[in-house]
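A.B. asks: Would you mind keeping the following structure in view while I ask a few things?
2 protein chains.
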Amino acid sequence: MMSKDFNDESAALAATVMEYMTAFMRGDVPAVLATYAEDGVLMAPIGPAVEGKKQLAEVYPGLFAAVDFNLVPKVKEVLQTSADWGFVRTATEGTQTNKANGDTVRTRYLELFLLRKSATGAWLIARYSTTQNGPEA
Amino acid sequence: MMSKDFNDESAALAATVMEYMTAFMRGDVPAVLATYAEDGVLMAPIGPAVEGKKQLAEVYPGLFAAVDFNLVPKVKEVLQTSADWGFVRTATEGTQTNKANGDTVRTRYLELFLLRKSATGAWLIARYSTTQNGPEA
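Those protein sequence lines, which keep their order, are chains A and B.
The opening residue of the first sequence carries number 0 in numbering that gives the first Met the number 0; numbering runs sequentially from there.
The opening residue of the second sequence carries number 0 in numbering that gives the first Met the number 0; numbering runs sequentially from there.
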């Protein structure tokens, strides 16, 4: 086991992820974007990788216009791997509603967030992958 | 920009991911498992997170028995973030065939691999998330 040569900031990593999650559930685009680094990348079931804050700013409004998410995230793991990198795993469960037709389905997601410490000391989402299990049969 | 205080082993990170991918496409369970760390975790559309080599050894045979994958991965990004951690992003496209009924669909995946350097110097998959786009309409 190696000794750590950096301060443990794992609580700050988890806090950024929970900020993202709560902003996501209320469909708050500016608050969602504030949790991403400028070069942040989203990998999700909705399509190709969304690369950089400009693309992210184009994708989230359409997502929130189409779907109402009502999911509860649980933090499964937080690990800071260096002075300025770390990751968080979450599992998320609940319902989502298609706003066009009102259809609601139960669904689950698994999330893997890579976070990087910014020059100002904030932990921001650098790479984020979410994979969907369900809708349940 | 910080100077790196570690040797760049990004080629080795990418090599492990390509070993995983080629083993996965030929349905080779032992070769797939050899690319994972003991505590490796898989997050995929197939169900809950698969945590640790014992669970992984139970899940992959069933997956390969059910589905024939014929996908081509492209490496999108490789970044070593410390002496013993790094990540690789890939995008994967092709077809998969349900072995029970022969149905073949075109599909795409996005993969995010977190790799950790083992005590023996091998880069192994520590956390891996794959998200599916498609089947295409």
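Don't be surprised by glycine CBs; every beta carbon is placed ideally from N, CA and C.
Would you kindly work out how many angstroms separate the C-alpha atoms of D7 (chain A) and W84 (chain B), rounded to a whole number?
C.D. replies: Position 8 of the first sequence, counted from the first residue, corresponds to residue 7 (chain A). Position 85 of the second sequence, counted from the first residue, corresponds to residue 84 (chain B). Going from the Cα of D7 (chain A) to the Cα of W84 (chain B) covers about 16 Å.
A.B. asks: Considering only C-alpha positions, which residue in the set B:A30, B:L55, B:G26, B:A22 is nearest to D38 (chain B)?
C.D. replies: Position 39 of the second sequence holds residue 38 (chain B). For D38 (chain B), the nearest C-alpha among the options comes from B:L55.
A.B. asks: Buried or exposed, going by whether 16 or more other CB atoms sit within 10 Å of the CB of N69 (chain B)?
C.D. replies: Walking along the second sequence from the start, residue 69 (chain B) turns up at place 70. N69 (chain B) comes out exposed.
A.B. asks: Please report whether the beta-carbon of M0 (chain A) lies at a distance below 8 Å from any beta-carbon of chain B.
C.D. replies: For this step, residue 0 (chain A) is matched to residue 1 along the first sequence. For M0 (chain A), the pLDDT reaches just 45, beneath the cut-off of 50, and the residue's location in the model is therefore unreliable, leaving the point undetermined.
A.B. asks: Excluding five sequence neighbours on each side, which residues of the same chain lie with their C-beta closer than 8 Å to the C-beta of L109 (chain B)?
C.D. replies: On the second sequence, residue 109 (chain B) is found 110 positions in, with the first residue counted as 1. Here the set comprises R88, T89, A90, T91, T129, T130, N132.
A.B. asks: DSSP three-state call for P60 (chain B): helix, strand or coil?
C.D. replies: Counting from 1 along the second sequence, the entry for residue 60 (chain B) is found at position 61. In the structure shown, P60 (chain B) sits in a helix (DSSP, three-state: H, G or I).
A.B. asks: Can you find the residues in the same chain that come closer than 8 Å, C-beta to C-beta, to E76 (chain A), ignoring five residues on each side of it along the sequence?
C.D. replies: As a first step, residue 76 (chain A) is located in the first sequence; it is residue number 77 there, counting from the start. Taken in chain order, the residues that qualify are F86, V87, R88.
A.B. asks: Using a cut-off of 9 Å between C-beta atoms, extract the partners of N132 (chain A) located in chain B.
C.D. replies: Here residue 132 (chain A) refers to the residue found at position 133 of the first sequence. Within chain B, the residues near N132 (chain A) are A43, P44, I45, G46, P47.
A.B. asks: Could you tell me the boundaries of the beta strand (DSSP E) in which P72 (chain A) lies?
C.D. replies: Position 73 of the first sequence, counted from the first residue, corresponds to residue 72 (chain A). Taken as a continuous stretch (DSSP letters only), the beta strand (DSSP E) holding P72 (chain A) covers 66–79.
A.B. asks: Output the residue ranges of the beta strand (DSSP E) runs that lie fully inside the stretch 98–122 of chain B and measure 3 residues or longer, sorted by chain position.
C.D. replies: Within the stretch 98–122 of chain B, the complete beta strand (DSSP E) runs of at least 3 residues are 103–116.
A.B. asks: Using beta carbons (cut-off 8 Å, strictly below), is T15 (chain B) in contact with chain A?
C.D. replies: Within the second sequence, residue 15 (chain B) is the residue found at index 16, counting from 1. So no, T15 (chain B) is outside the interface.
A.B. asks: Of all Cβ atoms in chain A, is any one closer than 8 Å to the Cβ of A118 (chain B)?
C.D. replies: Within the second sequence, the letter at position 119 stands for residue 118 (chain B). Taking Cβ atoms only, chain A never reaches closer than 8 Å to A118 (chain B), which makes this a no.
A.B. asks: Compare the C-alpha of L62 (chain B) against each of B:D27, B:V71, B:L78 and name the closest.
C.D. replies: Position 63 of the second sequence, counted from the first residue, corresponds to residue 62 (chain B). Measuring from the Cα of L62 (chain B), the nearest candidate turns out to be B:D27.
A.B. asks: Near A136 (chain A), which residues of its chain fall below 8 Å by C-beta distance, leaving aside the five closest residues on each side in sequence?
C.D. replies: To locate residue 136 (chain A), count along the first sequence from 1; it is residue 137. In this prediction, A136 (chain A) scores a pLDDT of 43, lower than 50, which makes its location untrustworthy; the coordinate-derived value is nonetheless stated afterwards. Contacts found: none.
A.B. asks: If you run the structure through DSSP and keep just helix, strand and coil, what is T34 (chain A)?
C.D. replies: Numbered from 1 along the first sequence, position 35 holds the residue referred to as residue 34 (chain A). T34 (chain A) falls in the coil class under three-state DSSP.
A.B. asks: So V71 (chain A) packs on V58 (chain A), CB below 8 Å; how close in whole Å?
C.D. replies: Start at 1 with the first residue of the first sequence, and residue 71 (chain A) comes out as number 72. Start at 1 with the first residue of the first sequence, and residue 58 (chain A) comes out as number 59. 23 Å between Cβ atoms; not a contact.
A.B. asks: Is it the case that the Cβ atoms of Y127 (chain A) and M42 (chain A) are separated by a distance below 8 Å?
C.D. replies: Within the first sequence, numbered from 1, the residue matching residue 127 (chain A) stands at position 128. Within the first sequence, numbered from 1, the residue matching residue 42 (chain A) stands at position 43. Taking 8 Å as the Cβ cut-off, Y127 (chain A) and M42 (chain A) qualify as a contacting pair.
A.B. asks: Starting from F86 (chain B), find everything on chain A with Cβ-Cβ shorter than 7 Å and list it in chain order.
C.D. replies: Counting from 1 along the second sequence, the entry for residue 86 (chain B) is found at position 87. Per Cβ cutoff of 7 Å: L113, R126.
A.B. asks: Quick one: using the 10 Å Cβ neighbour count with 16 as the cut-off for buried, is M0 (chain B) buried or exposed?
C.D. replies: Position 1 of the second sequence, counted from the first residue, corresponds to residue 0 (chain B). Since pLDDT at M0 (chain B) reaches only 44, below the 50 mark, its modelled position is unreliable, and the value read off the structure follows with that caveat. Exposed, since its Cβ has fewer than 16 Cβ neighbours within 10 Å.
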